[in-house]
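Quick note: the sequence shown uses my numbering, first residue 718, plus one each step. Note that the Cβ used here is the ideal one computed from N, Cα and C, for glycine as well.
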Amino acid sequence: MNSTECGGGNPLSPPGEPESSATRIELPLPDDWHLHLRDGAALRHVVLASALQFGRAIVMPNLKPPVVRCDQARDYRTRIREALRAAVATAHSPVTASDQPPVLRCEPERRAWLLEEALRFEPLMTLYLTDHTTAADIDAAADSGLVHAVKLYPAGATTHADAGVSEVGRLGPVLERMQKRSLPLLVHGEVTDADIDVFDREAVFIDRVLEGLRARFPALRIVFEHITTRQAAQFVRQAEGPTAATITPQHLLYNRNAIFRGGLRPHWYCLPVLKREVHRQALLEAAVSGLPRFFLGTDSAPHAARLKEHAAACAGCYSAPHALALYATAFEAAGALDRLADFAAVFGARFYGLAPHTRRVSMLREASEVPHALPFGRGNSIVPLAAGEHLPWRFEGLIGAATG
Ligand SMILES: [Zn+2]
718 MNSTECGGGN PLSPPGEPES SATRIELPLP DDWHLHLRDG AALRHVVLAS
768 ALQFGRAIVM PNLKPPVVRC DQARDYRTRI REALRAAVAT AHSPVTASDQ
818 PPVLRCEPER RAWLLEEALR FEPLMTLYLT DHTTAADIDA AADSGLVHAV
868 KLYPAGATTH ADAGVSEVGR LGPVLERMQK RSLPLLVHGE VTDADIDVFD
918 REAVFIDRVL EGLRARFPAL RIVFEHITTR QAAQFVRQAE GPTAATITPQ
968 HLLYNRNAIF RGGLRPHWYC LPVLKREVHR QALLEAAVSG LPRFFLGTDS
1018 APHAARLKEH AAACAGCYSA PHALALYATA FEAAGALDRL ADFAAVFGAR
1068 FYGLAPHTRR VSMLREASEV PHALPFGRGN SIVPLAAGEH LPWRFEGLIG
1118 AATG
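This is the structure:
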């Protein structure tokens, strides 16, 4: 049974004409400001999907064990680059055409050129904040040139967050140093108290932690990651000081009904969990607002299908292979396709003090079905976000000399 039959309705294919008449759009090469690449075999299976679509990505540090020091971040970056080289080599000579990401199903010369360009993908590393992080660790990170941010996970908030911070208030000297060194703090904004409803954890985190943090460190650069609520969008709009937020495709396209549509749907389970429709609307409004505080971060978080379809399903949606098409679908539904370029390719780079790319990519209006599953190594498969649904846009890849 495919997801559309079981689900009783396809949320990505509203009836009627598309709201815009555009048949092809171009934008600067985007960046992904929140990405999980994992490690080992999983890394080799997912890294190329991001490298074909994005120029850079802020890579999350929640490995096991977590990336807490610069030398670990450097080693992880090396492994990402090696995995990318291996994935590119494999993609040069695929066993079957269906092994290829759709963007590579083109003339051999163009495919070779796209793969060479994908090797330019730049992983921007992050450190994992723990109760034991010191101000000296922050100095080392700021001096390293390779660490671009530090991630705060409240202990137990999500996948591999058990080493996270138990009491944010005690991190004063570390946050002070981050503020001084202009190193952004990336926040998974949820409290983890057992008596707080899972759907309220983000809103309560704003009141109990984030407001205070913002006031206590007025110059600290804060990214409220993967926001999911009206309250979070409102906080980011109004906060004093350098404050921004990433927004995922799933939180723009789905409300929490998606998790329960016709049966329990583990592939729509992520953290922070999907919320009510009123929150989805508020996030969409923020994303298309043209405010530079809101930018793209997929939070693409791959888990093997067998660990999602499990009695204790892992949290995370795998959106990397068709991330841009998902965002284009959401922006078009809001009548704001012309705002996608800034959200995807300009605002995030500026917040991180980097120049947007001069290379450009294109998307074509061409309906295509998201695969029901993708290979994930050693007999494993992975089910991407929106599996079995039809997206109205197809990513064409970089525009360049070898376009043919
Ligand atoms: Zn994440």
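Problem set entry | Endpoints, alpha helix (DSSP H) assigned at H751 | Annotation for H751: no alpha helix (DSSP H) segment contains it, though the beta strand (DSSP E) segment containing it runs 749-752.
Problem set entry | Buried or exposed by the 16-neighbour rule on C-beta atoms within 10 Å, applied to A1061 | Under this definition A1061 is a buried residue.
For this session: May I have a chain-ordered list of the alpha helix (DSSP H) segments no shorter than 4 residues that lie completely inside the region 929-988?
Result: Listed in chain order, the complete alpha helix (DSSP H) runs (minimum 4 residues) inside the region 929-988 are 947-955, 966-970, 974-977.
Problem set entry | Beta-carbon proximity check, R761 vs A804, cutoff 9 angstroms | Against a cut-off of 9 angstroms, the Cβ pair of A804 and R761 comes out as a contact.
For this session: Could you say if the region 1003-1017 and the region 747-758 meet the contact criterion of at least three C-beta pairs nearer than 8 angstroms?
Result: Yes: at least three Cβ pairs fall under 8 angstroms.
Problem set entry | V953 to I775 span [Cα, whole Å] | Taking the CA atoms as reference points, V953 sits about 20 angstroms from I775.
For this session: Please find out if some non-hydrogen atom of ligand 1 comes closer than 8 angstroms to the beta-carbon of E1002.
Result: No, the beta carbon of E1002 sits no closer than 8 angstroms to any heavy atom of ligand 1.
Problem set entry | Check whether G881 and Y870 have beta carbons under 9 angstroms apart | Yes, the pair counts as a contact, with Cβ atoms nearer than the cut-off.
For this session: Answer yes if the region 850-864 comes into contact with the region 891-908, meaning at least three C-beta pairs across the two stretches below 8 angstroms, and no otherwise.
Result: Touching, yes, given that three or more Cβ pairs across the two stretches are closer than 8 angstroms.
Exercise. Skipping 5 residues on each side, what residues in its chain have a beta carbon closer than 7 angstroms to that of E734?
Worked result: Unreliable placement is indicated for E734, whose pLDDT of 48 sits below 50; the coordinate value is still reported in the next sentence. Taking E734 as the centre and dropping the five residues before and after it, the same chain places no C-beta closer than 7 angstroms to its C-beta.
Exercise. Would you report the Cα separation of A808 and P825, rounded to the nearest angstrom?
Worked result: So the two alpha carbons sit approximately 11 angstroms from each other.
Problem set entry | Contacts around V812, its chain only, beta-carbon distance under 6 angstroms, and the 5 residues preceding and following it disregarded | Taken in chain order, the list of residues that qualify is empty.
Exercise. Is it the case that the CB of E907 approaches a heavy atom of ligand 1 more closely than 8 angstroms?
Worked result: It does not: the Cβ of E907 is nowhere closer than 8 angstroms to a heavy atom of ligand 1.
Exercise. Got a sec? Which residues, its chain only, sit under 6 angstroms from L970 by beta carbon, not counting five neighbours each side?
Worked result: Excluding residues within five positions, the ones whose Cβ falls inside 6 angstroms are A1047.
Exercise. Does the Cβ of D1016 lie closer than 8 angstroms to at least one heavy atom of ligand 1?
Worked result: Yes, the Cβ of D1016 comes within 8 angstroms of a heavy atom of ligand 1.
Exercise. How far does the alpha helix (DSSP H) with H889 in it reach, from first residue to last?
Worked result: The residue you asked about is not His; residue 889 is Gly in the sequence shown. For G889, the uninterrupted alpha helix (DSSP H) run begins and ends at 889-898, by DSSP.
Exercise. Is L863 helix, strand or coil when you go by DSSP?
Worked result: Of the three classes helix, strand and coil, the one that applies to L863 here is coil, per DSSP.
Exercise. Would the region 1049-1060 and the region 773-788 be scored as touching if the rule is three or more Cβ pairs under 8 angstroms?
Worked result: These segments do not touch.
Exercise. Taking C-beta to C-beta, are T945 and V990 nearer than 9 angstroms?
Worked result: Yes. Within cutoff.
For this session: Compute the minimum distance between the beta carbon of E942 and the heavy atoms of ligand 1, and state whether it is under 8 angstroms.
Result: Yes, the beta carbon of E942 sits closer than 8 angstroms to at least one heavy atom of ligand 1.
Exercise. Once you ignore the five residues that flank L841 on each side, which residues in its own chain have a CB closer than 6 angstroms to its CB?
Worked result: Taken in chain order, the residues that qualify are R773, I775, H865.
Problem set entry | Cβ pair T875, A1029 closer than 9 angstroms | Taking a C-beta distance under 9 angstroms as the contact criterion, T875 and A1029 do not qualify as a contact pair.
Exercise. Given L988, which residues of its chain have a CB within under 6 angstroms of its CB, disregarding the five upstream and five downstream residues?
Worked result: Excluding positions up to five away in sequence, the list reads T875, A1032.
Exercise. Three or more beta-carbon pairs under 8 angstroms between the region 1032-1043 and the region 1107-1116, yes or no?
Worked result: By the Cβ rule, the region 1032-1043 counts as touching the region 1107-1116, because three or more pairs are nearer than 8 angstroms.
For this session: Tell me whether E824 sits in a helix, a strand or coil according to DSSP, three-state version.
Result: E824: coil per DSSP, three-state reduction.
For this session: Return the chain-ordered list of same chain residues with a C-beta closer than 8 angstroms to the C-beta of D917, the five sequence neighbours on each side being excluded.
Result: None.
Problem set entry | Where H1027 sits in the DSSP three-state scheme | Three-state result, H1027: coil.
Exercise. Roughly how many angstroms separate the alpha carbons of Y1069 and A1004, rounded to a whole number?
Worked result: Looking at the two C-alpha atoms, the distance is approximately 18 angstroms.
Exercise. When every heavy atom of ligand 1 is checked, does at least one fall within less than 8 angstroms of the C-beta of H865?
Worked result: No.
For this session: Assign K1025 to one of two classes, buried (16 or more other C-beta atoms within 10 Å of its C-beta) or exposed (fewer than that).
Result: Label assigned to K1025: buried.
For this session: Rounded to whole angstroms, what's the CA-CA distance from Q948 to V784? Just pull it up for me.
Result: If I take the Cα positions, the gap works out to 31 angstroms.
Exercise. So, are the CB atoms of Q770 and P747 less than 9 angstroms apart?
Worked result: Yes, they are a contact pair.
For this session: Could you round the C-beta distance between P890 and A852 to whole angstroms and report it? I think they count as a contact, below 8 angstroms.
Result: At roughly 5 angstroms, the Cβ-Cβ gap stays under 8 angstroms, so P890 and A852 are in contact.
Problem set entry | Inter-stretch contact (C-beta, 8 angstroms, three-pair minimum) for the region 974-981 and the region 924-935 | When C-beta atoms of the region 974-981 are compared with those of the region 924-935, fewer than three pairs fall below 8 angstroms, so the two segments do not count as touching.
Exercise. In or out: N727 buried (at least 16 other Cβ within 10 Å) or exposed?
Worked result: Low per-residue confidence applies at N727: pLDDT is 44, beneath 50, and the placement is therefore not dependable, though the value from the model is reported in the following sentence. Of the other Cβ atoms in all chains shown, fewer than 16 fall within 10 Å of the Cβ of N727; this residue is therefore exposed.
For this session: Pull up the CB-CB distance for Y1035 and I964, whole angstroms please, since I reckon it's below 8 angstroms.
Result: Between I964 and Y1035 the Cβ distance is about 17 angstroms, and since that is not below 8 angstroms, they are no contact.
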